[in-house]
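Here is the structure we will look at, set down as structure tokens.
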Amino acid sequence: QIANTNKVSLLIEICDQYPIVYDILWALSFNNDIQEQLRSNTSFITKLAYLPKESDHQIRKIAYGILWNLEINHEDRTKLAISNERSFEIMISYSHKDKMFCKQLYDQLIKLGYRVWIDFDQMHGNVMDAMAQAIEQSNTILICMSEQYQRSNYCRAEANYAFQRRIRIVPILLQQHYKPDGWLLFLVGQLLYVDFTKYEFSQAMEMLIKELKAPVICEICSANVYSEEEVNATIPTKQMSSEPSLALILPENILDWNQTNVHDWLTGHGLLQMSRLFANFNGRSLMYMSELIENVELQQVVSLLQDDSLRRTSQNLSLVELSHFRSVFNKQKQSLTSTIVTESPKIYINWYRVRFFHFTGIVMGQMLDSVSLQ
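Letter 62 of the sequence shown, counting from 1, is numbered 1197 in my numbering, and no numbers are missing.
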């Protein structure tokens, strides 16, 4: 709405009188339409270019941030990124209000042998170029989620750049009851996160290390680039690998799939949480799970999968992923010609009772006893 009014020019006029307006303009400069308005104001751009030389540290940081969003005075970061070796395994991106916790996190990661980059002293000089260089030299970025993190323009620029550079993102939750939304939800909404508010630090660290050691899935590589307006409107659906490319590396018959095939198929369709829940599944296991979902009351299945998801991944079950799994797997089954599809639901459920008892425990057995088998 601001982009469609004259308010941007008004904010520019009063920013010297009220320095906080610079920070407001930085927040607005993430919007594509407002970027165009700011670029067209040559006097404001000139002012920003000279601000870093004569203002305090905070104003300099904001000026660098606005110019960065407007892609003015950018270095050729692509060439630099190609030539740079990854000096760090992990970069910690955090709000400085969470500095004490992040110091503890940093010390523990260093103790475990990780090479970690973190800005404890708040960088000086051109902070945006320094931030970009740190991201380009890191394999993984830990996003320390909190309300303060989401409000920070600098944290937003940092997280956005990591996303653009396709750096692996691992979110961790630092604030109890906080739920990301807006730009942050767009970046992390499809990712598993480690909840440091729910578990003791040592237990949460174990979960984090497990996540860091998990196979790297290029989940960002297949994502489209969305405008600010699209980001605010919805969390987009990732572009999935095409069926022909999957068919080239997978056996035609689902029943012949091994555990690796199942993992590749799930991750190839963006079903990252499902790939962890079904980590030990082969093709036959996946087939029976699909039939169980179709033939047993859905709410019971969802409840059991939810419990197992919390136990295994510390995450709530994604109903979006579950729905997408049903859709793409039903499509995959259409090409399967096997006597298994002619078996009765009773056989499926009885088999599941034996094969997946470890998967759901006693609760699954109780649930199946209540299912009417005809």
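Each residue gets a CB set at the ideal place from its N, CA and C atoms; glycine is no exception.
What residues are listed by DSSP as bridge partners for residue i?
i: Val1436; result: In the DSSP output, where bridge partners are listed per residue, Val1436 has none listed.
i: Val1251; result: Ile1225
i: Val1329; result: Ile1307
Assuming residue i is part of the alpha helix (DSSP H), what are its boundary residues?
i: Phe1321; result: Gly1317 to Val1323
i: Ile1169; result: Asn1167 to Ser1175
i: Phe1464; result: Leu1454 to Lys1468
i: His1231; result: That residue, His1231, is in no alpha helix (DSSP H); it is neither H nor E in DSSP.
i: Gly1403; result: Gln1394 to Gly1403
i: Leu1205; result: Element bounds for Leu1205: n/a, residue is neither H nor E.
i: Arg1411; result: Leu1407 to Leu1412
Could you give the residue range of the beta strand (DSSP E) that holds residue i?
i: Arg1303; result: Arg1303 to Leu1308
Using DSSP with H/G/I as helix, E/B as strand and the rest coil, what is residue i?
i: Asp1242; result: helix
i: Trp1161; result: helix
i: Ser1273; result: strand
i: Val1431; result: coil
i: Pro1480; result: Here the model assigns Pro1480 a pLDDT of 44, short of 50, so the residue's position is not dependable and the matter cannot be decided.
i: Cys1279; result: strand
i: Glu1335; result: coil
i: Asp1151; result: coil
i: Ser1287; result: coil
i: Leu1421; result: helix
i: Gln1193; result: helix
i: Arg1447; result: helix
i: Asn1388; result: coil
i: Ser1362; result: Reliability of the predicted coordinates at Ser1362 is poor, the pLDDT of 43 falling under 50, and the value obtained from them is presented with this limitation in mind. Reduced to three states, the DSSP call for Ser1362 is coil.
i: Ser1144; result: helix
i: Phe1179; result: helix
i: Phe1416; result: coil
i: Ile1313; result: In the sequence as displayed, the identity of residue 1313 is Tyr instead of Ile. Coil.
i: Ala1349; result: coil
i: Ile1217; result: Unreliable placement is indicated for Ile1217, whose pLDDT of 47 sits below 50; no coordinate value is reported for it.
Mind reading off the beta-carbon distance from residue i to residue j? Whole number of angstroms is fine, and I expect it under 8 Å.
i: Asn1176; j: Ile1197; result: 16 Å between Cβ atoms; not a contact.
i: Leu1309; j: Thr1275; result: 17 Å between Cβ atoms; not a contact.
i: Ala1294; j: Ile1307; result: With 8 Å as the limit, Ala1294 and Ile1307 do not qualify as a contact, their Cβ atoms being about 13 Å apart.
i: Leu1421; j: Phe1413; result: 7 Å
i: Leu1320; j: Val1329; result: Going by Cβ atoms, the distance from Leu1320 to Val1329 rounds to 17 Å, so no, they are not a contact pair.
i: Leu1173; j: Leu1205; result: 6 Å
i: Ser1444; j: Gln1435; result: The pair is not a contact, with the Cβ atoms about 15 Å apart (cut-off 8 Å).
i: Tyr1119; j: Ala1267; result: Nothing can be reported for residue 1119, as the shown portion of the chain is limited to 1136 through 1509.
i: Ala1269; j: Gly1200; result: The pair is not a contact, with the Cβ atoms about 15 Å apart (cut-off 8 Å).
i: Val1305; j: Leu1347; result: 7 Å
i: Gly1418; j: Asp1399; result: No, Gly1418 and Asp1399 are not in contact; Cβ-Cβ is about 12 Å, not under 8 Å.
i: Val1437; j: Leu1452; result: 7 Å
i: Arg1195; j: Leu1202; result: Going by Cβ atoms, the distance from Arg1195 to Leu1202 rounds to 11 Å, so no, they are not a contact pair.
i: Val1156; j: Ile1149; result: 6 Å
i: Ile1225; j: Ser1273; result: 6 Å
i: Gln1170; j: Ser1164; result: 6 Å
Counting Cβ pairs, one atom from each stretch, are 3 or more of them under 8 Å apart for the stretch 1239-1251 and the stretch 1285-1302? As far as the Cβ criterion goes, the stretch 1239-1251 does not touch the stretch 1285-1302, which means the pair count is below three.
Would you call the stretch 1273-1285 in contact with the stretch 1223-1242, where contact means no fewer than 3 C-beta pairs closer than 8 Å? Taking a cut-off of 8 Å on C-beta distances, the stretch 1273-1285 touches the stretch 1223-1242, as three or more cross pairs fall below it.
Would you be able to state if there are at least three C-beta pairs under 8 Å between the stretch 1310-1318 and the stretch 1240-1247? Result no; under three Cβ-Cβ pairs closer than 8 Å.
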